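J.:
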Amino acid sequence: MKIDKNIIDLIRKKNILIGVSGGVDSIVLFDLINKIKDEINLNIEIAHFNHSTRNGESDDDELFVKKICEINSIKFHSRRDSMSKYAKNNKISEEEAGRILRHKFFCDILKDKDDLENWYLALAHNLDDQIETIFMRIFRGTGIKGLEGMHQIDGKIIRPLLNFKKEEILEYAKKNKLEYHQDYTNFENIYTRNSIRNELIPIIKEKYSKNIYDSILNLSKYSIEYNEYINNKLNEKLNGLDIEISQDYTKIKKTDIHKFTSFERNIFLRNEIDRINNSNYDFTKNHYSEIGKIIDSDKGVYVIINGMIFYNSFNYFIIRRYDDFNESVDFEVKEDIIDFGKYKIFFNKNCDKPGLLKLNSGDKIKIRFRKNGDKICINGKIKKLKDFLIDKKIDRFERDLLPVIEYNGEIVMVSNLYKRKIKDNGKITIQIKEK
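Quick note, in the UniProt record's numbering, the sequence shown goes up one by one and the last residue is 435.
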């Protein structure tokens, strides 16, 4: 077993965050990458997500992976969370909850990297996982995009084992005497994926087609070719439309999206969901139907699906990631740079740039998101922050992303939209910039 040359060329002289559960797939993935890291000048870090399951066995998995990192002098990241609790709160399956929580964990690690462009996330999906994934998507009513399955290289995500069968991975582990942990819940058919793996596929191989893997992979190949052709046609139609695209959202004029046929609209939605959310979530026919209702509505309605929000605002339809913004930061003013949501807040000494908020070193402030009842002072008059932002035509969800700075219990700054003069002789200036 070897990692494909196209992946090696991609990650050469780069950094890799490897998702390692402690199971055979991720241990083999780590071993393969670790063996070539010096040859291709590769930096490795490992991330392990503890699902808090299996009566404490998941804790043993975490300690096992941590020990591997200590032995190999590799930086170790870990997080624990209950996927059953998350599933219940969000009314989704535990499988989906686990995947969402892991994905968020990996993204949280990477987004804190100053050189993010030089980082990749390596996941241990194999060929058997690919077949199971396509089956699951078919059962959920996926479109042609879903039939592609997973990609070996998908933006910042790489899957070096995707072309290897499970039996090949097990043989490699045996031959190289690799120690790994076995998750025995993989043999229980309480989850859809397990049932497909342990029950459905063996029946298909026995009664209908021994070559089912080849058939599914051909379907995946044809779907990729078809989607490439369709996307080229759609991109031609996007030229000249009133559309704004950034890393975290897509904003398109409602009158323009109504120019699409239903088929074109779903392709457009699918592409933007994949781009913004780095794929990884399955959107079914029913999901697209719900989103379509938002697009067709004249009201400022919204729907939240799989960690993304779709809504209308000021004659535009907007797609973006959705999070709960409850964090706040208590900060003693000094020269520094603070990451806050999608913004960076710069505290600079002796900056002569006019129009900036000025405070002194040691002043205590709170940085937070807006909340109900917030008020600001404009020309000596009190005004609700909500009304101020509406007047500025800031859309309803963008308002919740703006950094608010409090000083002595009063709002003195709201992003770059509002600044209250506090001190003429302040030595530290505050400047807010979007990342």
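Beta carbons are placed, not taken as given, at the ideal position from N, Cα and C, and that holds for glycine. Since this is a predicted model, take the numbers as computed values, not measurements.
#1: Distance check for residue 8 and residue 271, CA to CA, integer angstroms please.
#2: Ignore the nearest five residues each way along the sequence and tell me which others in residue 80's own chain have a CB closer than 7 Å to its CB.
#3: Give every residue of the same chain whose Cβ lies closer than 7 Å to the Cβ of residue 215, excluding the five residues on either side of it in the sequence, and list them in chain order.
#4: Does DSSP classify residue 136 as helix, strand or coil?
#5: Can you give the Cα-Cα distance for residue 383 and residue 150, rounded to whole angstroms?
#6: Where does residue 69 fall in DSSP's three states?
#7: DSSP state of residue 7, grouped into three classes?
#8: Count the other CB atoms within 10 Å of the CB of residue 439; is the residue buried (16 or more) or exposed (fewer)?
#9: Answer with buried or exposed for residue 303, where buried requires no fewer than 16 other C-beta atoms within 10 angstroms of its C-beta.
#10: Going along the chain, which residues of its own chain have a beta-carbon closer than 6 Å to the beta-carbon of residue 65, five neighbours each way excluded?
#11: How should residue 142 be labelled, buried or exposed, when 16 other C-beta atoms within 10 angstroms of its C-beta is the threshold for buried?
#12: Curious, which full-length beta strand (DSSP E) runs of at least 3 residues does the stretch 142-180 contain?
#13: Enumerate in chain order the residues of its own chain whose CB-to-CB distance from residue 15 is below 6 Å, with the five nearest sequence positions on each side excluded.
#14: To the nearest angstrom, report how far apart residue 113 and residue 107 are at their CA atoms.
#15: From the DSSP secondary-structure annotation, give me the bridge partner or partners of residue 47.
#16: Which residue comes first and which comes last in the alpha helix (DSSP H) that contains residue 97?
#17: Cβ of residue 29 within 8 Å of Cβ of residue 124?
#18: Check whether the stretch 82-92 touches the stretch 122-141, taking contact to mean three or more Cβ pairs, one atom from each stretch, closer than 8 Å.
#19: Considering only the alpha carbon of each residue, which of 429, 338, 166, 401 lies closest to residue 358?
#20: Work out the CA separation of residue 63 and residue 294 for me, nearest whole Å.
#21: So which of 72, 86, 67 has the shortest CA-CA distance to residue 78?
#22: Would you list the one or two residues that DSSP bridges to residue 339?
#23: Of all the options 286, 122, 10, 427, which has the alpha carbon lying nearest to the alpha carbon of residue 31?
#24: Curious, which full-length beta strand (DSSP E) runs of at least 3 residues does the stretch 220-264 contain?
#25: What's the call for residue 185, buried or exposed, on a 16-neighbour Cβ count within 10 Å?
#26: At which residue ranges does the UniProt domain "Lysidine-tRNA(Ile) synthetase C-terminal" (365-432) contain complete beta strand (DSSP E) runs of 3 or more residues, listed in the order of the chain?
#27: Return the chain-ordered list of same chain residues with a C-beta closer than 7 Å to the C-beta of residue 145, the five sequence neighbours on each side being excluded.
#28: Could you name the residues of the same chain whose beta carbon sits closer than 6 Å to that of residue 204, not counting the 5 residues immediately before and after it, in chain order?
#29: Taking only three categories from DSSP, how would you classify residue 275?
#30: Go ahead and pull the three-state DSSP assignment for residue 361.
#31: Confirm, please, whether the CB-CB distance from residue 389 to residue 411 is below 8 Å.
#32: Which residues share a DSSP beta bridge with residue 321?
#33: In this structure, does DSSP put residue 39 in helix, strand or coil?
T.: Looking at the coordinates:
#1: 27 Å
#2: 50, 52
#3: 209
#4: helix
#5: 51 Å
#6: helix
#7: helix
#8: Because residue 439 is not part of the residues shown, which for the chain are 1 to 435, the question remains open.
#9: Only exposed fits residue 303, as fewer than 16 other CB atoms lie within 10 angstroms of its CB.
#10: Once the five neighbours on either side are set aside, the close Cβ partners of residue 65 are 20, 22, 48.
#11: buried
#12: none
#13: 43, 118, 119
#14: 10 Å
#15: 19, 77
#16: Taken as a continuous stretch (DSSP letters only), the alpha helix (DSSP H) holding residue 97 covers 94-111.
#17: yes
#18: no
#19: Comparing Cα positions, the closest option is 429.
#20: 46 Å
#21: Closest by alpha carbon: 67.
#22: 344
#23: 122
#24: 243-245, 249-253
#25: By the Cβ neighbour-count rule, residue 185 is exposed, with fewer than 16 other Cβ atoms within 10 Å of its own.
#26: Fully enclosed beta strand (DSSP E) runs of 3 or longer: 375-378, 381-384, 404-407, 410-414.
#27: Here the set comprises 227, 270.
#28: 212
#29: Of the three classes helix, strand and coil, the one that applies to residue 275 here is helix, per DSSP.
#30: coil
#31: no
#32: 308
#33: Reduced to three states, the DSSP call for residue 39 is coil.
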